[in-house]
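Undergrad:
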Amino acid sequence: MARINFIFINIILFLLWLIFAYRHSVAFLLYPRAYILLFIVAETLLACLFLLRKQENKISKKKSDWLIASLATFIPLSIQPSSQAIQIEIGTALMVAGSLLYIFSLISLNRSMGIIPADRGIKTNGLYRLIRHPIYLSYLILYTGYILASFSYYNFIVYIFTIIFIFARILIEEKFLSSNPVYLEYKNRVRQKLIPYIL
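Using my numbering, you'd call the opening residue of the sequence shown number 1 and step up by one each time.
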């Protein structure tokens, strides 16, 4: 059953990434903006690292964890390019900053990338020396920029649900990993979840 779930999630992620990449490639051809290309690169790196991820030592069996983690991953990929903008310059700057932080976070996490809360070894190097969830911080920055640069009511709804599920995902991951004494020691050393010295 676990193997079937594993294959099913891989297929869904690949199909959603394909739709996402197609939509944003078309948008880049129509509006050749560097942040769109950077966004495609960042999400493609995520998909590749996910497909090449390490085998977990332990994985959550809770259905609610699977649902929250899956929605937190899949919902952002449904965002769509729009020709409308609220503030293109600020949105572009946030998207570039968020995409670069996202790429460096993924490189720090490497093959420990996953969707469902799992223990693939506790990462404490790279950006994980500063905060416990750099990928989620990059998501918040990136998608805030996306809304400003490519606004639609549909994208705004996707954005709100993305934020809700990011925070829900942080809670379930922290709860799951807190059974590992290595993670508890890491939490004591790196106290901030999202923003160094603040939150």
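Glycine included, C-beta positions come from ideal geometry on N, C-alpha and C.
1) Beta-carbon within less than 8 Å of V182's beta-carbon, same chain only, minus the 5 sequence neighbours each way: which residues are those?
2) Roughly how far, in whole angstroms, is the beta-carbon of I131 from the beta-carbon of L184, given that I think they are within contact range, below 8 Å?
3) Rounded to whole angstroms, how far is the Cβ of I9 from the Cβ of I115, which I believe are closer than 8 Å?
4) Would you give the residue range spanned by the alpha helix (DSSP H) that R111 belongs to?
5) Can you tell me which of the three DSSP states I40 falls into?
6) To the nearest angstrom, report how far apart S64 and I12 are at their CA atoms.
7) Do Y136 and I103 count as a contact pair if the criterion is CB distance below 8 Å?
8) Let me make sure I understand the geometry here. Which of E173, L171 and N155 has the alpha-carbon closest to that of I75?
9) So what does K58 bridge to, in DSSP terms?
TA: Taking the definition as stated:
1) I122
2) Contact flag wrong, Cβ pair sits at about 17 Å.
3) The pair is a contact, with the Cβ atoms about 6 Å apart (cut-off 8 Å).
4) Careful: R111 lies outside any alpha helix (DSSP H) and carries neither H nor E.
5) Note: I40 maps to helix in three-state DSSP.
6) 18 Å
7) No; because the gap between Cβ atoms is not below 8 Å, this pair is not in contact.
8) N155
9) Note: K58 sits in a beta bridge opposite D119.
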